[in-house]
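>
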Amino acid sequence: MILRTLDLSGDKASFLSLIYKGPLAENDKKPIARKLCNRQLEALVRSSGYGSLIIAFPMISRPEDIAMQREHILKMTKRLDRTHRSVKRDIPLCAFIETPAAVFALEEILDECDYINIGTNDLLSLVYARSRQLIRTSNSEDFLQPPTLMILRSIIDRANKKGKKVTLCGGIAASPKFLPILIGMGIDNISVELKSYTRVRSLLYKLDPERCRRLVLRLEKLKAKKDIIRELSSFGVSGI
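All letters in the sequence shown, in the order written, are residues 44 to 283 by my numbering.
1) Which residue's Cα is closest to the Cα of L262: L275, D124, R254?
2) Which one or two residues does DSSP pair with K208 in a beta bridge?
3) Please list, in chain order, all residues of the same chain as D124 whose beta carbon is under 8 Å from its beta carbon, the five residues on each side excluded.
4) Less than 8 Å between the CB atoms is what I'm expecting for P106 and R47, so what's the real figure, rounded?
5) Under the assumption that A99 contacts N160 (Cβ atoms under 8 Å), give the Cβ distance between them as a whole number of angstroms.
6) Quick check on L136: does DSSP put it in helix, strand or coil?
7) Please report the distance separating the alpha-carbon of I313 from that of I198.
8) Under 8 Å, do I140 and L166 count as touching if we go by C-beta distance?
9) Can you say whether P252 is buried or exposed, counting buried as having 16 or more other CB atoms within 10 angstroms of its CB?
10) With distances taken Cα to Cα, identify the nearest neighbour of S277 among K264, K268, L258, A267.
This is the structure in structure tokens:
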């Protein structure tokens with residue numbers, strides 16, 4: 044089981060004002076958010092001995108981010124181990140790759156974590172300078188562009204070279220036009236909303252990995268979005 048810690052970056056921390064029944068200054072949000080995250084992390088560490096658990100951290104931008112979390116968990120494990128026999132000493136960690144900074148520092152981040160998850164909603168919003176909400180509601184065709192393919196290929200290839208599994212989440216994970224691309228690039232897992240699960244699973248069963256790999260090689264030679272869409276249409280993939 045993969046459980047993600049609270050993502051309190053940017054506007055996602057707005058719910059804190061609801062909990063504390065009023066607006067909060069930026070200086071007040073940080074210690075409150077840190078306290079909430081520590082409580083959640085301790086609960087996860089306490090439960091680690093009851094099954095297979097991977098703890099995922101959102102918005103990792105530097106290798107130090109994940110290294111500090113690992114050190115924090117180790118200290119927490121040693122403390123809880125005195126009273127909780129079920130605590131696991133070596134909990135696998137997953138880093139969410141959601142910022143351009145994380146893409147540039149990926150090799151170093153991979154050295155500090157056990158898995159990675161490409162969070163495409165946040166990553167594409169930063170790459171294409173669009174709001175996160177707009178990314179979630181946009182047609183996936185908007186991102187069938189060479190930069191998107193270059194970024195995804197770069198992340199997946201570098202992770203594979205280091206033997207790290209790659210999961211991808213976000214709107215494009217459920218897109219029929221992106222699925223053959225993801226399969227062709229060698230993605231290990233995808234995470235989709237429950238409402239998309241049946242449709243995505245059905246399409247995955249129909250896709251031939253080798254044919255998808257050949258498709259990606261053709262797409263990577265194209266220079267324009269319209270050419271990528273045309274090639275996908277000839278491949279036999281329909282839009283959402």
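Glycine residues also receive a C-beta, built at the ideal position from the N, C-alpha and C atoms.
Taking the definition as stated:
1) Along the sequence shown, read from residue 1 onward, the residue named residue 262 stands at position 219. For the residues L275, D124, R254, the minimum Cα distance to L262 belongs to L275.
2) Stepping through the sequence shown from its first residue, residue 208 is reached at position 165. Partner(s): Y158.
3) As a first step, residue 124 must be located in the sequence shown, where it is residue number 81. V130, R132, listed in sequence order.
4) Reading the sequence shown from its first residue, position 63 is the one you call residue 106. Reading the sequence shown from its first residue, position 4 is the one you call residue 47. 19 Å between Cβ atoms; not a contact.
5) By one-based count along the sequence shown, residue 99 stands at place 56. By one-based count along the sequence shown, residue 160 stands at place 117. Between N160 and A99 the Cβ distance is about 6 Å, and since that is below 8 Å, they are a contact.
6) If you number the sequence shown from 1, residue 136 lands on position 93. Note: L136 maps to strand in three-state DSSP.
7) No answer is possible for residue 313: it lies beyond the span of the chain, which begins at 44 and ends at 283.
8) The count along the sequence shown starts at 1 and reaches residue 140 at position 97. The count along the sequence shown starts at 1 and reaches residue 166 at position 123. Cβ atoms of I140 and L166: closer than 8 Å.
9) In the sequence shown, residue 252 corresponds to position 209, counting from 1. With fewer than 16 Cβ atoms within 10 Å of its Cβ, P252 is classed as exposed.
10) The count along the sequence shown starts at 1 and reaches residue 277 at position 234. Selected option, being the one with the closest Cα: L258.
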